[in-house]
Amino acid sequence: MSVGGMSAPLSDAATPRRGFGGPALRRFYRHHLALIGGTIILLMVLACAIVPGVLPYTDTFIDIRHRFAPPFTGGHLLGTDQLGRDMLARLLMAGRISLAVGFLAMALSMVIGIVVGLVAGYYGGVIGALFMRFVDAVLCFPTIFLLLAVSALIRPDVTFIILLIACTAWMEVARIVEAQIRALRERDFAVAAEALGASDMRIMLRELLPNAVAPIVVSATLNVAHAILAEAYISFLGYGIQPPTPSWGNMLDNAQSYLSSAPWLAILPGGMIALAVTSFNFLGDGFRDALDPRTDIK
Amino acid sequence: MGRSFSTSSVGLRRREALLLGGAALLSARFAAAAQPSAKPAGQVIVGLSQEPTVFNPLMPAIEVDQGVWWSLFNPLWGVDPQGNFTPQLAREVPSIENGGVSKDGLVWKLRLREGVTWHDGTPFTAEDVKFTLDLINTPGFRAGSRQGHNLLRDVTVTGPHEITWRMERAYSPYVSLLAWVFIVPKHLLGTADDPNTAPFNNAPVGTGPFRWSERVPGDHITLVANERYFGEGPRLERVVFKYIPDLTALYTQFRTGQIDHASIDGILANFYDEAKSLKGRVISVNPSIGLESIAPNHGFPILGEKAVRQALYAGMNKQAIIDVIYYGLPKPAESFLPPEAWAFDAGLPAHRHDPVQANEILDKAGWLRGSRGIRERDGKPLEFALSTTSGNPLREQVQQLLMQDWQQIGVSMTINNKPAAVMWGDFWVKSQFQAALVGSTFMTGNDPDCSYRFNSAAIPAKGGSGSNTYQYVNPEVDRLLQQGQTSFDKAERKAIYQKVQQAVRDDLAILPIYRPSPVEGFKEGLMGYQPNVNVRSNCWNIETWYWAKA
Amino acid sequence: MIGLLLRRGLQALGLLLLVSMIGFAILHLAPGGPLSQFAAGGDMTPADLARIEHQLGLDRALPIQYAEWLRLMLTGDWGRSYRDHQPVLAIIGSHLGATVELMLTSLILAVLLGCWIGVVSAVRRHSWFDTIATVGSMVALSIPTFWFGFIVIYIFSVTLEWLPAGNRYTIGDGSFADHLHHLIAPALVLALVSTASWSRYMRSSMLDVINQDYIRTARSKGLPESRILYRHIVRNALLPMITIAGLQLPTLLGGALVTETVFTWPGMGRLFLDSIGYRDYPTVMGVLMFTATLVLLGSLLADIFYGVADPRIRLN
């Protein structure tokens, strides 16, 4: 269910945890990393939003006389790439794309996952079973197989990549929401609301969903990480976002052939991906502990 | 890596016998120092970036397959680097002069080599040749191209080693086509229930210098010396074709010595400088028969306009593409034919990068600069999308340079790349693209006939049969091409094809960029490597390769 | 137990049917097709292409093609590859060994290393080791596998020349030592992610057990700490790991695909990628069905083993 294992559990949620010692201490410690992660993300977003505007070069300005300038030379802080474009400008513009892909794919996958989970969990029965079997079927494909199969079929532009990633990342959420709703459905407050004549929609959205917010937020954060990585994998396998639009993934695309002559071409975007994904993972982990002290989502 | 087709997957590449740099010198030195041993010895590992999977040489295949075929099979005659036909299974190459072809070009007669045996010991006869030619036209058989072969009539065996046939109409390029047809054994394929799935297809038996040994799918193919080979060689005991799916990995393994010869796509231009300095490796820059060009879709109104094509051509900085992205290796080109072709016209006007002229042409044609500096006419912006195979980094860089070049003359170009299986599907064949960056060849075998590219009857989108996906229409060119196919007179044909080259260049039917220079490499001490522009794989003469004794 | 197995088995079959439909639809509705590679060369005419398309049966309506594929599949005929015309099952078989070799090695590596890290982290909670292991595993889970692979090749193959840059063995050698030498780098790269997640699982599983009553009882009885650790805690903490081994299969398969690509490893992942690129429908469908079956089998086995190992589950 993951691209190269990236959505392997990032925390301990898969196995029930019960009252281990010093939860407050542990939570604080978690928050510590989450804090760092959150700060890095904030800084990244700000940098990508503001800095390109004040740089002397744009990300698409080609200067073939200054190709492969190493970092800290010729007025290029992070050097230039194989067409003489400023690496810093490209990294930041790529960050805009990659982060946007991350956030939008996350948002979309959340919407799909929540809707499917809500409907399946609330109505149960045949519809629920049908929905969840579909989820099971999609989960039978390793994500990367799905990504590959589908990305080979579509136009490789930003919108489609977002759609594609979202389409392969909603199943976990659907499962979480479905389990949560199914459990909450029979609780007193839901039954009471139903007795009072509230509509299905109202019960689902107003009574049940808010109770499932914690795992959804956690899952959402981890999904951003997943989406950023997925974009990189799609690019690596040759179906990524089209040039000249840079993304961290497609900047890495051909970088391996310059590993010996211009290693910064591979190291910088790879490092950015690792940094961003790690930060989101830390944040997600922190959210898990902070939002749900019981941590047990089952 | 995840690129399924070779990076320059379009087009067949044939190479010319020209070793640049130190390679020729080195070879000469070693040739003097070492004599090939009498008994086959040693092995060569050939690295390929695509996997050979088709071992029935009559079925649809790509160029890496052909490299393997040359080791296993023989055609009736081959083509040497100078373009001369060299008899293999036939005793001589038929022509009007030697009586092999009748004056009207309709009746062909062949005499075949005697004493040749298949790898399993069965003698080779005229029946095998008849079977091969007939099989290509057998309805249920998944033959590759039937182009030319569909003109065959009454293939008749007139003796154990004699065969004759008629052609429905005179078709002079057929002798070139036959140089690429490998003869298959009747006694194995003829007895199979279904030649499409016969066991032969995965355990081929030929007449060639090497015998099939084993195949590890997804990894390599091993061939061993055929000691009963009728021709010269083989001098190697074993040849291994190793599949390395990524060009960077291929180069790395060439550099670390895991493969002896980096073939076909070989070494990417960006590794060339480094490769030259490697110890114990010889790098060969091979001119090619192919042409890298911008293929405009003439059915797309903006690019159907000659003035626009002229402006784009003048606005293109060819030299920058060659120098920057391909490290100065390729040669700029004007003609679709390579200089090695006997019909090549060296007198075509040379391209000059001239944005001022480009701007004038567009101004005169009524394309005027609008907002954002993009030209417009009748409210329509001057913009189009340029497509190529996605995941080809060097081509993507070319696109980005062109984008910048053309922006300066007020033309907006966008990039719309697609995976190979999509790019060369209906998108290309049915002319759904606007413009494409492609590498292609324009010859039939080593014959200058290019009807399938430029004849207006060869436009698939209009129901024609051919590869004129540019939808180029020029009645004069049509007439010339028709004339060229029916004539067997070389001088007359040369004049005809030179006129075709002039017309195509003048119309800018395609915007020629450069003639690629594929870089191959091999270990020092490997003798006999000789690039051949007239075949698709430089393993064509692998039977004469050997290791020089240190 | 038998009833459960039967029900799960039937469910799995239904799922496989659904998987095959989704897969078939996605694949065939995609633009492009298996003949594109020949169209690119230009020496095959549209008539040639149309003829071969007809010969392959690709010009029929999609539901008919699917029904035909399913019918043959049910009789055990997985079809033949469009590329080398060999039976799909034989092709999968010839690529399976390489993938199994790589996956098993890295699984063993990951389990041993991951469990060890998990145990030590749990026992010395909040120590330097624990912090580094936590941060390290997070980072490991966040690095693109292929990128890590390039760096490994660059350092150990290109610069230091300690390890081969790819391939499964040296052609003509093929000794055990040679195999092992080639296996090190890809197995380590593939194991990285799994090790990280295994260590996380093990750590939390350990923490679960440590706080159980019977451990406290054992401690109060004065049993030696090492005995408690190995006889009671680690043993019980390993139990849920069995499930995880089954559920990790898709992750490992996906990782293998990428790793095989980077290290030119002739396994199923490469086969799948190449087949997708060439639109070799029968092979792609074959690999899809094969992996889907494996994944389902993995989760089924995980359930069964868990039931066998933990009597409390059986009671439910």
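Chains as they are written, first to last, in the numbering used here: chain V, 28 to 325; chain C, 11 to 560; chain U, 1082 to 1397.
Heads up, the beta-carbon is just placed ideally off N, CA and C, and yes, glycines get one too.
Quantities reported herein were computed from a predicted structural model and do not represent experimental measurements.
>> If we define contact as Cβ-Cβ less than 8 Å, is Phe1227 (chain U) a contact residue for chain V?
In response: Numbered from 1 along the third sequence, position 146 holds the residue referred to as residue 1227 (chain U). When Cβ-Cβ separations below 8 Å define contact, Phe1227 (chain U) makes contact with chain V.
> At a Cβ threshold of 8 Å, is Pro169 (chain V) touching chain U?
Replying inline: Indexing the first sequence from 1 puts residue 169 (chain V) at position 142. True, the Cβ-Cβ gap to chain U drops below 8 Å.
> Rounded to a whole number of angstroms, what is the C-alpha to C-alpha distance between Leu30 (chain C) and Lys286 (chain C)?
Replying inline: Here residue 30 (chain C) refers to the residue found at position 20 of the second sequence. Here residue 286 (chain C) refers to the residue found at position 276 of the second sequence. In this prediction, Leu30 (chain C) has a pLDDT of 34, which is less than 50 and means its spatial position is unreliable; nothing more can be read from the coordinates.
> With 16 as the cutoff for other CB atoms within 10 Å, does Pro219 (chain C) come out buried or exposed?
Replying inline: Position 209 of the second sequence, counting from 1, holds the residue named residue 219 (chain C). With 16 or more neighbouring CB atoms inside 10 Å of its own CB, Pro219 (chain C) falls in the buried class.
>> Counting C-beta neighbours from all protein chains within 10 Å, is the total for Tyr184 (chain C) 16 or more, i.e. buried, or is it exposed?
In response: Locating residue 184 (chain C) in the second sequence gives position 174, counting from the first residue. With 16 or more other CB atoms across the displayed protein chains lying within 10 angstroms of its CB, Tyr184 (chain C) is buried.
>> Judging by CA-CA distance, which residue of U:Ile1236, U:Arg1089, U:Leu1328 and U:Cys1196 is the nearest neighbour of Pro290 (chain V)?
In response: Within the first sequence, the letter at position 263 stands for residue 290 (chain V). The shortest Cα separation from Pro290 (chain V) among U:Ile1236, U:Arg1089, U:Leu1328 and U:Cys1196 belongs to U:Ile1236.
>> Please list the terminal residues of the continuous alpha helix (DSSP H) segment that includes Glu258 (chain V).
In response: Position 231 of the first sequence, counting from 1, holds the residue named residue 258 (chain V). The continuous alpha helix (DSSP H) containing Glu258 (chain V) extends over residues Val240 to Phe263.
> Along chain V, which residues have their Cβ under 8 Å away from the Cβ of Leu188 (chain C)?
Replying inline: Start at 1 with the first residue of the second sequence, and residue 188 (chain C) comes out as number 178. Correct list: empty, because the minimum Cβ distance to chain V is about 37 Å.
>> Buried or exposed for Ser136 (chain V), going by 16 or more other Cβ atoms inside 10 Å?
In response: On the first sequence, position 109 is the one that residue 136 (chain V) refers to. Burial of Ser136 (chain V) is indicated by the presence of at least 16 other C-beta atoms within 10 angstroms of its C-beta.
> Excluding five sequence neighbours on each side, which residues of the same chain lie with their C-beta closer than 7 Å to the C-beta of Pro170 (chain C)?
Replying inline: For the purposes of this step, residue 170 (chain C) is taken as residue 160 along the second sequence, with counting starting at 1. Excluding positions up to five away in sequence, the list reads Thr135 and Ala136.
> What's the C-alpha gap between Glu237 (chain C) and Pro244 (chain C)?
Replying inline: Reading the second sequence from its first residue, position 227 is the one you call residue 237 (chain C). Reading the second sequence from its first residue, position 234 is the one you call residue 244 (chain C). CA-to-CA, the gap between Glu237 (chain C) and Pro244 (chain C) works out to about 7 Å.
> Lys119 (chain C): which of C:Gly309, C:Pro311, C:Met453 and C:Val139 sits nearest, CA to CA?
Replying inline: Against the second sequence, residue 119 (chain C) aligns to sequence position 109. Residue nearest to Lys119 (chain C) within the set C:Gly309, C:Pro311, C:Met453 and C:Val139 is C:Val139 (criterion: CA-CA distance).
>> Within 8 Å of any Cβ in chain V, is that where the Cβ of Ile425 (chain C) sits?
In response: Stepping through the second sequence from its first residue, residue 425 (chain C) is reached at position 415. At least one chain V Cβ lies under 8 Å of Ile425 (chain C).
> Rounded C-beta distance between Leu536 (chain C) and His271 (chain C)? I'm assuming under 8 Å.
Replying inline: In the second sequence, counting from the first residue as 1, residue 536 (chain C) sits at position 526. In the second sequence, counting from the first residue as 1, residue 271 (chain C) sits at position 261. Between the beta-carbon of Leu536 (chain C) and that of His271 (chain C) there is about 7 Å, and that keeps the pair under the 8 Å contact cut.
> Hey, would you say Tyr1163 (chain U) sits closer than 8 Å to Pro1225 (chain U), going by beta carbons?
Replying inline: The count along the third sequence starts at 1 and reaches residue 1163 (chain U) at position 82. The count along the third sequence starts at 1 and reaches residue 1225 (chain U) at position 144. In this structure, Tyr1163 (chain U) keeps its C-beta atom at 8 Å or more from the C-beta atom of Pro1225 (chain U).
> In chain V, what lies closer than 8 Å to Leu260 (chain C) by C-beta?
Replying inline: Taking the second sequence and counting its residues from 1, the one referred to as residue 260 (chain C) is at position 250. Simply none; closest approach about 11 Å.
> Taking the C-alpha atoms as reference points, what is the distance between Leu70 (chain V) and Leu1222 (chain U)?
Replying inline: Sequence index remark: in the first sequence, residue 70 (chain V) carries index 43 (1-based). Sequence index remark: in the third sequence, residue 1222 (chain U) carries index 141 (1-based). Answer to the nearest angstrom: the Cα atoms are 22 Å apart.
> According to the neighbour-count rule (16 or more other Cβ atoms, all chains shown, within 10 Å of its Cβ), is Lys113 (chain C) buried or exposed?
Replying inline: Translated into positions along the second sequence, residue 113 (chain C) becomes position 103. Exposed: under 16 other Cβ atoms inside 10 Å.
> Listed in chain order, which residues of the stretch 1113-1137 of chain U have Cβ atoms closer than 9 Å to some Cβ of chain C?
Replying inline: In summary, the residues of the stretch 1113-1137 of chain U whose CB is separated from some CB of chain C by less than 9 Å are Gly1113, Gly1114, Pro1115, Leu1116, Ser1117, Gln1118, Phe1119, Ala1120, Ala1121, Gly1122, Gly1123, Asp1124, Met1125, Thr1126, Pro1127, Ala1128, Asp1129, Leu1130, Arg1132, Ile1133, Gln1136 and Leu1137, in the order they occur in the chain.
> At what residues does the beta strand (DSSP E) containing Asp164 (chain C) begin and finish?
Replying inline: As a first step, residue 164 (chain C) must be located in the second sequence, where it is residue number 154. Bounds of the beta strand (DSSP E) holding Asp164 (chain C) are Leu162 to Gly169.
> If you run the structure through DSSP and keep just helix, strand and coil, what is Trp550 (chain C)?
Replying inline: Stepping through the second sequence from its first residue, residue 550 (chain C) is reached at position 540. Of the three classes helix, strand and coil, the one that applies to Trp550 (chain C) here is coil, per DSSP.
> DSSP state of Gly300 (chain C), grouped into three classes?
Replying inline: For the purposes of this step, residue 300 (chain C) is taken as residue 290 along the second sequence, with counting starting at 1. When DSSP states are grouped into helix, strand and coil, Gly300 (chain C) belongs to the coil group.
> How many angstroms separate the CA atom of Gly531 (chain C) from the CA atom of Arg291 (chain C)?
Replying inline: Residue numbering aside, residue 531 (chain C) sits at position 521 when the second sequence is read from its first letter. Residue numbering aside, residue 291 (chain C) sits at position 281 when the second sequence is read from its first letter. Rounded to the nearest angstrom, the two C-alpha atoms are 7 Å apart.
> List, in order along the chain, the chain V residues whose C-beta lies closer than 8 Å to that of Val334 (chain C)?
Replying inline: Walking along the second sequence from the start, residue 334 (chain C) turns up at place 324. Contact note: Val334 (chain C) reaches chain V through Ile91, Arg94 and Leu110, using a C-beta cutoff of 8 Å and chain order.
>> Rounding to the nearest angstrom, what Cα-Cα distance links Gly1095 (chain U) and Gln1146 (chain U) in this structure?
In response: Here residue 1095 (chain U) is taken as the residue at index 14 of the third sequence, counted from 1. Here residue 1146 (chain U) is taken as the residue at index 65 of the third sequence, counted from 1. One alpha carbon belongs to Gly1095 (chain U), the other to Gln1146 (chain U), and they sit about 20 Å apart.
>> Looking at chain U, is there any beta carbon in it that lies within less than 8 Å of the beta carbon of Arg117 (chain V)?
In response: Locating residue 117 (chain V) in the first sequence gives position 90, counting from the first residue. So, not an interface residue.
> Ordered along the chain, which non-local residues of its own chain (more than five positions away) have a Cβ less than 7 Å from that of Gly200 (chain C)?
Replying inline: Here residue 200 (chain C) is taken as the residue at index 190 of the second sequence, counted from 1. The beta carbon of Gly200 (chain C) is closer than 7 Å to those of Phe141 in its chain, skipping five residues each way along the sequence.
> If you draw a straight line from the alpha carbon of Arg1316 (chain U) to that of Ile203 (chain V), how long is it in whole angstroms?
Replying inline: Taking the first residue of the third sequence as 1, we reach residue 1316 (chain U) at position 235. Taking the first residue of the first sequence as 1, we reach residue 203 (chain V) at position 176. C-alpha separation (whole angstroms): 30 Å.
>> Please classify Asn484 (chain C) as buried or exposed, where buried requires at least 16 neighbouring CB atoms within 10 angstroms.
In response: Working through the second sequence from its first residue, we reach residue 484 (chain C) at position 474. Asn484 (chain C) is buried by the Cβ-count criterion.
>> Let me confirm a value: Ile1213 (chain U) is counted as buried when at least 16 other C-beta atoms fall within 10 Å, else exposed. Which label applies?
In response: Counting from one through the third sequence, the residue named residue 1213 (chain U) turns up at place 132. So Ile1213 (chain U) ends up on the exposed side.
>> Mapping the DSSP letters down to three states, classify Arg1161 (chain U) as helix, strand or coil.
In response: Your numbering for residue 1161 (chain U) matches position 80 in the third sequence. It is a strand residue.
>> Taking 7 Å as the limit between beta carbons, can you name the residues of its chain near Ser38 (chain V), skipping five residues before and five after?
In response: Against the first sequence, residue 38 (chain V) aligns to sequence position 11. Model confidence at Ser38 (chain V) stands at a pLDDT of 40, short of 50, so the residue's coordinates are unreliable; what they give is reported in the following sentence. Scanning its chain for C-beta atoms nearer than 7 Å, with the 5 sequence neighbours on each side dropped, one finds around Ser38 (chain V) the residues Asp312 and Arg315, in chain order.
>> To test your reading of the DSSP string, which unbroken alpha helix (DSSP H) runs of 4 or more residues are found completely within the stretch 1177-1236 of chain U?
In response: Runs of the alpha helix (DSSP H) lying entirely within the stretch 1177-1236 of chain U and spanning at least 4 residues, in chain order: 1209-1223 and 1226-1233.
> DSSP state of Leu1097 (chain U), grouped into three classes?
Replying inline: To locate residue 1097 (chain U), count along the third sequence from 1; it is residue 16. Helix at Leu1097 (chain U).
>> Please identify, using Cβ separations under 7 Å, the residues of the stretch 1166-1186 of chain U that lie next to chain C, in order along the chain.
In response: Within the stretch 1166-1186 of chain U, the residues whose Cβ lies closer than 7 Å to some Cβ of chain C are His1166, Gln1167, Ile1172, Ser1175 and His1176, listed in chain order.
> To the nearest angstrom, how far is it from the Cα of Thr1186 (chain U) to the Cα of Ser1280 (chain U)?
Replying inline: Locating residue 1186 (chain U) in the third sequence gives position 105, counting from the first residue. Locating residue 1280 (chain U) in the third sequence gives position 199, counting from the first residue. If you take the alpha carbons of Thr1186 (chain U) and Ser1280 (chain U), they lie about 17 Å apart.
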